[in-house]
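Below: the structure, in C-alpha cells.
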Amino acid sequence: MIRGDGSGVTRSLFQKTGLDLSRKSISNGIDHSSALFSLSHLETLNLAYNSLNSTPIPSSIGNLTNLRYLNSSNSGFSGQIPTGLSLLTGLVILDLASQNYLEKSSLKIENPNLSTLFGNHDGVKELYLDGVNISANGYEWGQAISSSMPNLRVLSLSNCYLSGPIDSSLRKLKNLYKVNLGNNNLASPIPDFFANFLNLTVLILSSSNLNGAFPGNILGKVQTLETLNLASNELLSGSLPYFPKNGSLRNLVLSFTSFSGNLPESIGSLTELRRIEIPGCNFSGPIPNSLAKLSQLVYLDFSSNNFSGPIPSFQGSKNLTYIDLSHNALKVGLQSEFIMPRLGVLDLHSNQLGGEIPLPPETAIYVDYSRNSFTTSIPGEIGNVKFFTNFFSLANNALTGPIPPSICNGSYLQVLDLSNNMLGGTIPQCLIENSTETLGVLNLGNNNLSGNIFGTFPQTCVLRTLDLNGNRLEGNVPESLSNCTMLEVLNLGRNSMTGMLKMVVCGYSLRNAKKLFAFTKPEEDLSPALGDESNCLLVVFSGHLPPKCFLHWNGMMIYRSYCLLRYEFLKANNLYYQDKVTVTVKGREMKLVKILTLFTAVDFSNNRFEGEIPDTIGALSSLHVLNLSRNALSGQIPSRLVNLTQLESLDLSRNNLNGSIPPTLARLTFLAVLDLSYNQLVGSIPRGNQFNTFSNTSFEVNKGLCGPPLIASCAETEPTRPTLDGRQSYTNEDKINWVYVTATLGYTVGFGVIVGPLLYSKRWRQWYYKAIDRVIVRIHYHREQRARHQRRRDNRNQLQRRQHH
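Take the sequence shown: its position 310, counted from the start at 1, is 366 in my numbering, and no numbers get skipped.
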C-alpha cells in the first residue's frame, strides 16, 4: 500500500519524469493523500496489473497536471472515475481498461459523464476504456468522443455497455488507425465511413449485435487494414470481395455471422494472411486451391459451413499449425500431400470423407476424423510413425477389420475413440496392459469386438472413461479393473460377459471412484454375486439392493457447483474429451453427451433386483434421476425419498411395490416425471405441487389406488338412504365430490397431455442446457458458439420476416 507520509518515496523519485509501478503487487488501494500525487512533474505513470482491491481512483490524480501518459489498466480500481481526471489536459495516452470482465465491481463513467470528463482533452491520441461501464447511447458517446478528441488515433471501448447506432460524428476522426467497439449492443449496421479511414489497421466490432450488410468497400478500399474481426454478429450479412495483390490483411475473423457465398480465388493474394476464422457462416462451394500460396498462414478454421468438393493441398503453408474443416460437406478423400509438417490440430470430423485413412501428422496433438464415410480398415502402421497425438478419434465411420496393435505405440495418447464402427477381432492386449497407463479415455463402444478382455490393467491405470458397450465381448471382467481408481464413467453393457465384478464395484478397490456421477445399466447378461456389501460404491446387478451401498456414494450427498464431467487431456491448451453416457429417463434412453456432475443419475432399470428399496437412498441429496423400473422390487416406497429435493425424474414402474404412496413425495417441487404404474399400490394419490400435473398414466394398473387423476374415487362411503320408491339417494357431499373429480380429471388429463410435456421440456432445457452453456470450456472458440448458432439463424429469419411485413 502506498501511503501519504512519503516514507516510501525516495528523494530521487522527485527528480523523475516517469514512474513505472506496474506488476508490483500493490494492494489495499492508494490513499488520496499519498506522496505519489505530490509528484506534479510526472509525465508518465504506470499502475497497470496490480491488486488494488476494487478501490476508487483517488481524486488527487488531478494534481499530476503534467501527465502525458497514464496507464492503470487491470489494476483493480473500481467505482466512478473522479472529476480530477478532467484536469489532466495534457494527456496523450489514457488507458483505464479492465479486461477482467468477470469482476463484480468495475470502473464506471456516470456522474460526471463522458463529455464532462474529457471535454478539454483535445490532445489525447490513444483512448483505452475497455471494460469501463459507460452505458451511453450512440449519440452521447459518439459526440463526446468526436468533439473532445479530434486527434484520436486509437479508440478502444469494448465491453463498455454502449448502445447504438454508431454516430456519424465519428467520421471526423480521420486519423483513426485502431477501432475496437466489440462486446457492446450497437444494434445497427456498420457505417460505410470506416472506409474513409485510410490509415485504419485494426477494426474490431465482434459481439455487438450488428445487422444489415457489411460495406464491401472497407475490405476493398482500406489497403492498410491488417485485422478485421466481426465475429458473433449473427444478423450481419455480406460476402468477400475480390482481393487485390499484396494486401495487408493478416487476421480475418467472421465467425458466426451471416456472411455467405463462395470464397474468392483472389484470397490467395493476401500473402500476409496469418489467421482466417469463418466458422458458423453460410459459405459454400469449393475451398480455393489458392490457399496453398499463403506461406504465412498459421490458423485456419472453416468449420460449420457448406463447403464441398476436395480438400486442397496446403503444402505451401509451411507454418500452418491449426486446421478445422469440420461440419461441412467435403467428400473427396485426403491426399498424402495434404499433411503439414508443423500441424498441431487437424479436425475434419462431420464431413463425407472416404478413401484411405491418412496417417496423422507427426506433430499433431489433436486429430479428429470422426463422423465421416471411411470404410477401410485402420492402417496397420498407424502407430509406427512418430505418434505424439494426445487425442485421436475415428468414431462414427464404417471402419472394418481389427484394431492394429501398433496403435499402442502412441505413448502420448490420452484419448482414443474408435466407437460406432464395425471393427472386429479382439481388443489388443497392449491397450489394456500398456496404454491405460496414459489413456484417460478408451471408447470402443458399438463395434463387433469379440473374445475376452485379455491382459491386466496396470497398477498405474489412469482411465477416467471406459466404454466397451455394445460389442460381443465375453468371459470374466478382469479383477485388475479395480486398479483404475480414477474411473468416472464405466459402461460394459450389451455384451456377453460373465463372472465376478465385486472387486470393481464393491470391495472399496475403487477408493477414489466417488466421482461416479453418471451410471449406465448393464444388460441381463451381467449378474455376478455382490460379495461384500459393506464398502459398496456401485451395484447395478441382480440380487438385493444393499442399504449400506448408498451411504458410500458421497458424490451424491453434496450439492455441487455446475461442472462438466469431462476429461481434460491437454489443460494448457484447454482441450478436453466430453464424456457421454446413456440413461433411461421417462421411459426413453437418453444419450447425455454433456454430463454435469450436478446431473446425478441412478439407472438400475431392466435388471433383476428384488426385495425392498433401501430407505438409505434418501441420503443421495443431489440426485436428479432415479430409475428402478422393470425389476422385482417389493415392499413400500420409502418416505425418505422426500430428501431427494433435486429429483426431477422418478420411475418405479413395473415392480411389485405395495402400500400407499408417501404423501411427503408431493413436496418434491422439481419433480417433472413420475411413473409408479404397474405395481400393487393402494390408497389415495397425494395432491399438491407437482403431483397435480401428472396424468393417470403415472399411476395406472395399481388396483388399489384411487383419487384424481384416476377415475376411482376415494370418498368415504356413507350409508345410502332408501327413498320411497326403493332407490338409493346420495348426499350433497357425494355430488360435490363427483363434480370435483370430473373437473380435476379433465384439467389434469388436459394439462398432462398438452402442457405437461412442455413443462418438462422447458425445465429440462433451462436447467440442463443453460447450465452447460454457462460453464463449458470448449475445445476451440467456434465450439463455444455452435450451440447458439441455430438460434442466431432463427433470429435472422425472424427479423427478415418482420422487415418483409
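Just so it is clear, CB atoms sit at the ideal spot from N, CA and C, and this is done for glycine as well.
Keep in mind it's a predicted model, so treat the numbers as computed, not measured.
In angstroms, rounded to a whole number, what distance separates the CA positions of residue 350 and residue 469? 31 Å
Round the Cβ separation of residue 478 and residue 498 to the nearest angstrom and send it over; I've been treating them as touching at under 8 Å. Contact doesn't hold; Cβ gap of about 18 Å is too wide.
Reducing DSSP to helix, strand and coil, say where residue 740 ends up. strand
Just reading off the alpha helix (DSSP H) that residue 34 is part of, what are its end residues? The structure shown does not extend to residue 34, since the chain is modelled only from 57 to 861, so the question has no answer here.
Would you mind listing the alpha helix (DSSP H) stretches within the stretch 465–505 that are 4+ residues and don't spill past its ends, in chain order? 485–489
With three or more beta-carbon pairs closer than 8 Å as the criterion, would you say the stretch 698–705 touches the stretch 736–745? Judged by pairs of C-beta atoms under 8 Å, the stretch 698–705 does not touch the stretch 736–745, as fewer than three such pairs exist.
Residue burial classification, residue 437 (beta-carbon count within 10 angstroms, cutoff 16): exposed
Would you say residue 509 lies against chain B (beta-carbon separation less than 8 Å)? The displayed structure is made up of one protein chain only, and chain B is not part of it.
Could you give the first and the last residue of the continuous alpha helix (DSSP H) run that contains residue 277? 273–277
Under a Cβ-count criterion, where at least 16 other Cβ atoms within 10 Å of its own Cβ denotes burial, should residue 234 be classed as buried or exposed? buried
Measure the alpha-carbon distance for residue 186 versus residue 125 and round it to whole angstroms. Using only the alpha carbons, I get a separation of about 17 Å.
Straight-line gap, residue 212 to residue 425 (C-alpha atoms, nearest Å): 41 Å
Can you give the beta carbon distance from residue 276 to residue 261, rounded, assuming they're within the 8 Å contact cut? Incorrect: roughly 18 Å between the Cβ atoms, too far for contact.
Nearer than 7 Å: is that true of the beta carbon of residue 262 relative to any heavy atom of the ligand HEM? Although the ligand HEM was asked about, the structure shown includes no ligands whatsoever.
Quick check on the DSSP output: the beta strand (DSSP E) that includes residue 291 runs from which residue to which? 291–294
Collapsed DSSP secondary structure at residue 73 in the structure displayed: Coil, per DSSP.
Please classify residue 166 as buried or exposed, where buried requires at least 16 other C-beta atoms within 10 Å of its C-beta. exposed
For the stretch 199–255, list the beta strand (DSSP E) runs that are entirely contained and at least 3 residues long, ordered along the chain. 210–212 and 234–236
Are residue 862 and residue 198 close, meaning C-beta to C-beta below 8 Å? Since the first and last residues shown for the chain are 57 and 861, residue 862 lies out of range.
For residue 526, three-class secondary structure by DSSP: Residue 526 falls in the coil class under three-state DSSP.
Spatial neighbours of residue 861 within its chain, please: CB distance less than 6 Å, with the 5 preceding and 5 following residues excluded, ordered by chain position. Residue placement at residue 861 is flagged as unreliable, the pLDDT there being 48, under the threshold of 50; the coordinate-derived value follows with that caveat. Around residue 861: no qualifying Cβ.
Identify whether residue 532 lies in helix, strand or coil by the three-state DSSP scheme. In the structure shown, residue 532 sits in a strand (DSSP, three-state: E or B).
Residue 182 in three-state terms, based on DSSP: strand
C-alpha gap between residue 484 and residue 326, whole angstroms: 48 Å
Grouping DSSP H, G and I as helix and E and B as strand, with all else coil, what is residue 702? Per DSSP, reduced to three states, the secondary structure at residue 702 is coil, with no helix or strand assignment.
Just how far apart, CA to CA, sit residue 105 and residue 153? 11 Å
Closest by C-alpha distance to residue 542, when choosing among 724, 531, 518 and 528: 518
Could you tell me the boundaries of the alpha helix (DSSP H) in which residue 111 lies? Unbroken run through residue 111: none, as it is neither H nor E.
Which one of 136, 551 and 245 has the shortest CA to CA distance from residue 191? 136
When we look at the beta-carbon of residue 330 and count the other beta-carbons within 10 Å, is it buried (16 or more) or exposed? The residue is buried, with at least 16 neighbouring Cβ atoms inside 10 Å.
Buried or exposed for residue 73, going by 16 or more other Cβ atoms inside 10 Å? exposed
With which residues is residue 762 paired in a DSSP beta bridge? 740
Tell me the DSSP bridge mates of residue 333? 309 and 357
Thinking residue 99 and residue 122 are a contact (beta carbons under 8 Å), I'd like their distance in whole angstroms, please. 6 Å
Opposite residue 448 in the DSSP bridges: which residues? 423 and 472
Kindly indicate which three-state DSSP category residue 454 falls into: helix, strand or coil? coil
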